Amino acid sequence: MPTTHRVFNGERTGGARGPVASKRLRLLLVIGVALVTAITACGSSSTPSGSDGSSSSSSSTASSGGSSSEVEKANAFIKQYLTPPTKISITEPLASPPPAGKTLVYLQCEQPQCQVVGTGMQAAAEAAGWQFKSIPFQSTNPSTLTSGLTQALRYNPVAVSVVAMPYALWSASVPQYQQAGVPIIPVFVGPADSNSTIIANVGNSEYAALNGQFLSAWFISDSNAKGKVLSVSIPDYPWVGAVATGFEAAVTSGCSACEVTKIKAGLPDVANGTINTKIVSALRKDPSIKYVVVSNSAFVQPLPAALAAAGLSGKVKLAGCCGTTAQQQGLKSGQFAAVTGGGTTLGGWHVVDAAIRHAQGLPIPAKEGFPPVGLLTKDNELPPSDSYDQPADYADQFKALWKIR
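The sequence shown lines up with residues 1 to 405 when you count with full-length UniProt numbering.
Written as structure tokens, this is what we have:
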């Protein structure tokens with residue numbers, strides 16, 4: 001019988017820190033979960049913002065008047081993702097069942113979304129007949145992540161997965177894993193090039209940008225291709241930054257009469273809630289903006305209340321990536337107009353699928369980086385959830401591919 005262990009890291013978390021644990025990197029870790037080229041429109045201007053929480057704004061404006069063809073194109077794109085999928089994205093069956101007696105280790109941050117990924121990964125590992133060990137780390141202390149990666153190797157794992165943390169924060173551990181012959185499978189971390197050690201990147205940057213494209217198509221359709229939108233980005237965090245740039249690029253290329261005003265918030269703004277204040281301030285500065293799109297809606301759950309306090313309730317429509325139960329409930333109440341739903345739980349199953357294939361010497365499917373994703377509105381009939389677990393029988397479909405009865 002497979003066994004499950006939650007391993008608590010006993011390494012010291014205090015003391016001196018190296019360059020990786022600089023002040024900036026510690027700020028990067030404050031939120032830690034929630035993956036790219038910067039794209040600006042013709043005539044726009046922007047000032048970079050760092051992790052100190054500073055923000056800047058820029059706008060891109062085209063000719064007035066919406067285009068019916070742009071609306072039609074946006075509607076056609078949206079239509080593909082309003083209905084939950086019936087098949088998982090991985091289709092290649094294994095030649096034989098997973099090898100027995102393996103151990104998968106997961107480096108898990110303390111954030112709720114990290115825990116959802118871990119729940120899926122644990123279920124998948126147990127379905128494969130493997131042991132599952134979870135090593136928690138504190139997103140505010142990079143030394144716990146580094147020591148956790150060292151600790152994981154003691155269990156002779158078939159693979160180790162790291163969630164959410166930007167590659168820069170754990171790249172120094174890659175040579176150690178390369179020497180040990182143990183693969184790393186990041187999940188929702190942003191850019192991380194695949195190689196002989198990093199064998200897959202589940203929920204990669206392209207997947208993040210796709211979330212932004214959904215939101216762009218929804219905005220173009222809902223505004224009849226002539227809306228003005230405030231795009232809120234947290235670029236210090238690569239995955240979330242890719243959502244924002246995906247959104248902004250798709251609006252620029254797909255809506256000739258739309259206007260995008262961009263603001264950037266640092267992770268400290270998210271941690272202390274001032275991201276909501278900055279959004280309200282930007283809307284007051286330009287009352288003609290009627291849409292707000294946030295690159296991670298879970299970061300601005302208090303925003304509807306802040307808008308109401310500012311007298312802006314009902315005057316702007318709020319949308320964003322990565323809607324959890326709270327934001328999906330907000331769709332019904334009118335606090336949110338649209339959110340994307342991501343396969344957070346299924347991300348864990350994708351990690352295990354990649355680990356199995358690597359252990360069997362099989363190629364990793366390109367779709368390993370793309371868990372399911374959908375666009376959710378008030379008309380969504382699925383119950384609110386922290387993960388877009390579609391298709392509903394995903395576990396049975398994975399087991400069939402793995403030749404598990």
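Note that CB positions come from ideal geometry on N, CA and C, so glycine has one too. If you're wondering where the values come from, they're calculated on a predicted model, not measured in any experiment.
Unbroken beta strand (DSSP E) run spanning residue i, endpoints
i: VAL105; result: 103-108
Residues bridged to residue i (per DSSP)
i: ALA159; result: LEU104
i: GLY342; result: VAL373
i: VAL251; result: In DSSP, VAL251 forms no bridge with anything.
i: LEU230; result: THR261 and VAL292
i: LEU318; result: VAL292
i: VAL187; result: VAL163 and VAL202
Inter-residue Cα distance where the pair is residue i and residue j
i: ALA208; j: LEU145; result: 23 Å
i: residue 477; j: ARG405; result: Here the chain covers residues 1 to 405 and nothing more, so residue 477 does not appear.
i: PRO186; j: GLY369; result: 10 Å
i: TYR394; j: PHE77; result: 24 Å
i: GLY181; j: TYR167; result: 19 Å
i: GLU126; j: THR103; result: 10 Å
i: SER233; j: ASP389; result: 26 Å
i: ASP270; j: PHE299; result: Before going on, a small fix: residue 270 reads as Val here, not Asp. Roughly 6 Å separates the two Cα atoms.
i: ALA359; j: ALA319; result: 41 Å
i: PRO99; j: ALA217; result: 44 Å
i: SER46; j: ALA249; result: Reliability of the predicted coordinates at SER46 is poor, the pLDDT of 36 falling under 50, and the value obtained from them is presented with this limitation in mind. If I take the Cα positions, the gap works out to 15 Å.
i: ALA310; j: SER221; result: 27 Å
i: ASN276; j: LEU303; result: 5 Å
Cβ neighbour criterion (16 or more within 10 Å) applied to residue i
i: ALA355; result: buried
i: LEU82; result: exposed
i: LEU362; result: exposed
i: GLN80; result: exposed
i: GLN179; result: exposed
i: GLN151; result: buried
i: GLY314; result: exposed
i: ASP386; result: buried
i: LYS403; result: exposed
i: PRO175; result: exposed
i: PRO183; result: buried
i: SER196; result: exposed
i: PRO93; result: exposed
i: GLY50; result: In this prediction, GLY50 has a pLDDT of 38, which is less than 50 and means its spatial position is unreliable; what the coordinates show is noted afterwards. Counting Cβ neighbours within 10 Å, GLY50 comes out exposed, since fewer than 16 surround it.
i: ARG154; result: exposed
Range covered by the alpha helix (DSSP H) that runs through residue i
i: LEU331; result: 325-333
i: PRO112; result: 112-127
i: TYR177; result: 174-180
i: GLU72; result: 68-82
Residue-chain proximity (residue i, chain B), Cβ-Cβ < 8 Å
i: PRO238; result: No chain B appears in this structure, which consists of one protein chain only.
Cβ-Cβ separation, residue j to residue i (assumed contact under 8 Å), whole Å
i: ALA244; j: SER231; result: 6 Å
i: LEU210; j: VAL373; result: 6 Å
i: GLY120; j: GLY347; result: 6 Å
i: ALA257; j: LYS226; result: 5 Å
i: PRO391; j: ILE88; result: 7 Å
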